[in-house]
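S.K.:
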Amino acid sequence: MSSKTRIFKIETGYDDIIKKAGAIIREGGTVAFPTETVYGLGADALNPDAVRRIFEAKARPPDNPLIVHISSKEQLHDLVRDIPERAFDLVDVFWPGPLTMIFKRKEIVPDVTTGGLDTVAVRMPDNPIALLLIEEAGTPIAAPSANRSGMPSPTTAQHVIADLDGRIDAVIDGGPAKIGVESTVVDMTSEIPVILRPGGMGIAEIRDVIGEVTIGYPDKSLERGEVARSPGMKYTHYSPETRMVLVAGSISTVVDRIREFVSDYHGRGMRVGLLVTEETAEHIIADEIFILGRRDDIALVASNLFAGLRYLDGRCVDVIIADGSMRDDGIGAAVQNRLRKAADEEFTNRWMKR
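Now the structure itself:
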């Protein structure tokens, strides 16, 4: 493992950077790189020792499976078996893009990559740097988010360095991630496909292509001993180090409750940070405020979510109060899921301890 992380900044052309980063992957090293969703921490998916370096760098539990990234649709056949016809329909419409599918794996995929499961999660990212890196490496790349396990996912190279400097070999700085939340994960091994994680691809869009799907993701982490069939299902995820309270419900309820909580916390001498929409921010004063965007621009809210959590975590506040008044369709389902998983407590009509 490297004692100093190399930073490759993309400015104009990047052929030389891709060659250097691809060589690191081929040699069994780790490289953080941009995708359209968040930054990933990549290693050769077929090299068990290389994949273990991902787990070591992130301090990631070994039973938490990784997503394997490919650069061409044809590579899917090298990794998985028993591909249902409807999976090809999704590939044709949504790849490259923020959609991960789970299949029965072939023996070429090592246990460490899948968390010991007989399935493997695969996606083709919609980012030219990511695709070129996979091609140059000449191997599929296993890549979870490039952060310390449990922390908010990184959407910039600066976030990666803050978490993993000195623990990985290199990071490619390709600017901010476009979408800002992870991919949607669909289990294609069931008779009816199961959504295991909401993400950058809307569930309604998936239904439009293949028809019926079921929802199989919890808004809290699985208990100890339960099997995580997908990344993001088990252990703490997306959480700032600062205690976080999520206030959900109607717009008026959220504004009124946040006002009450800010007043109460200030009365106890606590500094308060708000993670809120533009409309909510107009009605409340706090010590620190990060505005996610307007409620009706849920894509912008999603792209700012993890950056906002990280910003407030660094502002010496005692508590973060998050606005849960956004809609929960499309990418909004991913935003609400991440907020619930990040929160220590949630207020709807009553307190819910996490």
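Its first residue numbered -12, the sequence shown is counted upward by one per residue in our numbering. Backbone N, C-alpha and C define an ideal beta-carbon position, used for all residues, glycine too. The structure presented is a predicted model; accordingly, all values stated were derived computationally and were not measured.
Ends of the alpha helix (DSSP H) at residue 25?
M.R.: First-last for residue 25: undefined, no H or E at that position.
S.K.: Given this structure, state the Cα-to-Cα distance separating residue 6 from residue 54, to the nearest angstrom.
M.R.: Distance between the alpha carbons of residue 6 and residue 54 is about 23 Å.
S.K.: Taking just the CA atoms, how far does residue 254 sit from residue 28?
M.R.: Answer to the nearest angstrom: the Cα atoms are 43 Å apart.
S.K.: Mind checking residue 322: buried by the 16 CB within 10 Å criterion, or exposed?
M.R.: Looking at its Cβ environment, which holds 16 or more other Cβ atoms inside 10 Å, residue 322 is buried.
S.K.: Can you name, in chain order, every residue of its own chain whose Cβ lies under 8 Å from the Cβ of residue 13, other than the five neighbours on each side?
M.R.: Within the same chain, residue 13 has close Cβ partners 31, 124, 125 and 126.
S.K.: What alpha helix (DSSP H) runs, 4 residues minimum, are completely inside the segment 106 to 149?
M.R.: List check, alpha helix (DSSP H) in window: 115 to 124.
S.K.: What does a CB cutoff of less than 7 Å around residue -10 pick up in its chain, not counting 5 residues either side in sequence?
M.R.: Excluding sequence neighbours, residue -10 sits near 153.
S.K.: Grab me the residues of residue 281's own chain with a C-beta within less than 6 Å of its C-beta, minus the 5 sequence neighbours each way, in chain order.
M.R.: Taken in chain order, the residues that qualify are 265.
S.K.: Which whole-angstrom value describes the C-beta separation of residue 9 and residue 120, a residue pair presumed to lie in contact below a C-beta threshold of 8 Å?
M.R.: The Cβ separation is near 6 Å, so the contact holds.
S.K.: Would you kindly work out how many angstroms separate the C-alpha atoms of residue 201 and residue 296, rounded to a whole number?
M.R.: Approximately 30 Å between the Cα atoms of the pair.
S.K.: Compare the beta carbon distance of residue 320 and residue 185 with 7 Å and say whether it is the shorter of the two.
M.R.: Against a cut-off of 7 Å, the Cβ pair of residue 185 and residue 320 comes out as a contact.
S.K.: Return the Cβ separation of residue 189 and residue 317 in integer angstroms, given the expectation that the two are a contact with Cβ distance under 8 Å.
M.R.: Sure, about 4 Å apart at Cβ, within 8 Å.
S.K.: Helix, strand or coil: which one does DSSP assign to residue 64?
M.R.: If DSSP states are grouped into helix, strand and coil, residue 64 belongs with the helices.
S.K.: Looking only at its chain, what residues have a beta carbon closer than 8 Å to the beta carbon of residue 238, apart from the 5 residues adjacent to it on each side?
M.R.: Counting only Cβ-Cβ distances below 8 Å, and skipping sequence neighbours, we find 266, 267, 282 and 312.
S.K.: Please report how far the alpha carbon of residue 147 lies from the alpha carbon of residue 43, in whole angstroms.
M.R.: Taking the straight line from one Cα to the other gives about 15 Å.
S.K.: With a cut-off of 8 Å, do at least 3 Cβ pairs link the segment 70 to 81 to the segment 34 to 41?
M.R.: Counting Cβ pairs under 8 Å, fewer than three are found: no touch.
S.K.: What is the rounded straight-line gap between the Cα of residue 226 and the Cα of residue 137?
M.R.: Approximately 6 Å between the Cα atoms of the pair.
S.K.: If contacts are defined as beta-carbon pairs under 8 Å, then residue 310 and residue 245 qualify, I think. What distance do you get, rounded to the angstrom?
M.R.: Going by Cβ atoms, the distance from residue 310 to residue 245 rounds to 7 Å, so yes, they are a contact pair.
S.K.: Determine the burial state of residue 327: buried for a count of at least 16 other Cβ atoms within 10 Å of its Cβ, exposed for fewer.
M.R.: Residue 327 should be labelled buried.
S.K.: Are the beta-carbon atoms belonging to residue 24 and residue 155 less than 7 Å from one another?
M.R.: No. Outside cutoff.
S.K.: Among residues of its own chain, excluding the 5 on either side of residue 330, which ones have a beta-carbon nearer than 7 Å to its beta-carbon?
M.R.: Excluding sequence neighbours, residue 330 sits near 231, 232, 233, 309 and 341.
S.K.: Would you kindly work out how many angstroms separate the C-alpha atoms of residue 249 and residue 334, rounded to a whole number?
M.R.: Their Cα atoms are separated by approximately 14 Å.
S.K.: Mind reading off the beta-carbon distance from residue 287 to residue 263? Whole number of angstroms is fine, and I expect it under 8 Å.
M.R.: Not quite, the Cβ-Cβ distance comes to about 13 Å (not below 8 Å), so this is no contact.
S.K.: How many Å lie between residue 240 and residue 304 at the Cα?
M.R.: Taking the straight line from one Cα to the other gives about 24 Å.
S.K.: Is the number of C-beta pairs between the segment 94 to 103 and the segment 48 to 62 that are closer than 8 Å three or more?
M.R.: Short answer: they touch.
S.K.: Go ahead and label residue 128 buried or exposed: buried means 16 or more other beta carbons lie within 10 angstroms of its beta carbon, across all protein chains shown.
M.R.: When all chains shown are included, residue 128 counts as buried.
S.K.: Output the distance between the C-alpha atoms of residue 0 and residue 15, rounded to the nearest integer angstrom.
M.R.: About 25 Å.
S.K.: List the whole-angstrom C-beta distance separating residue 172 from residue 289, where the pair is believed to meet the contact cut-off of C-beta under 8 Å.
M.R.: Incorrect: roughly 16 Å between the Cβ atoms, too far for contact.
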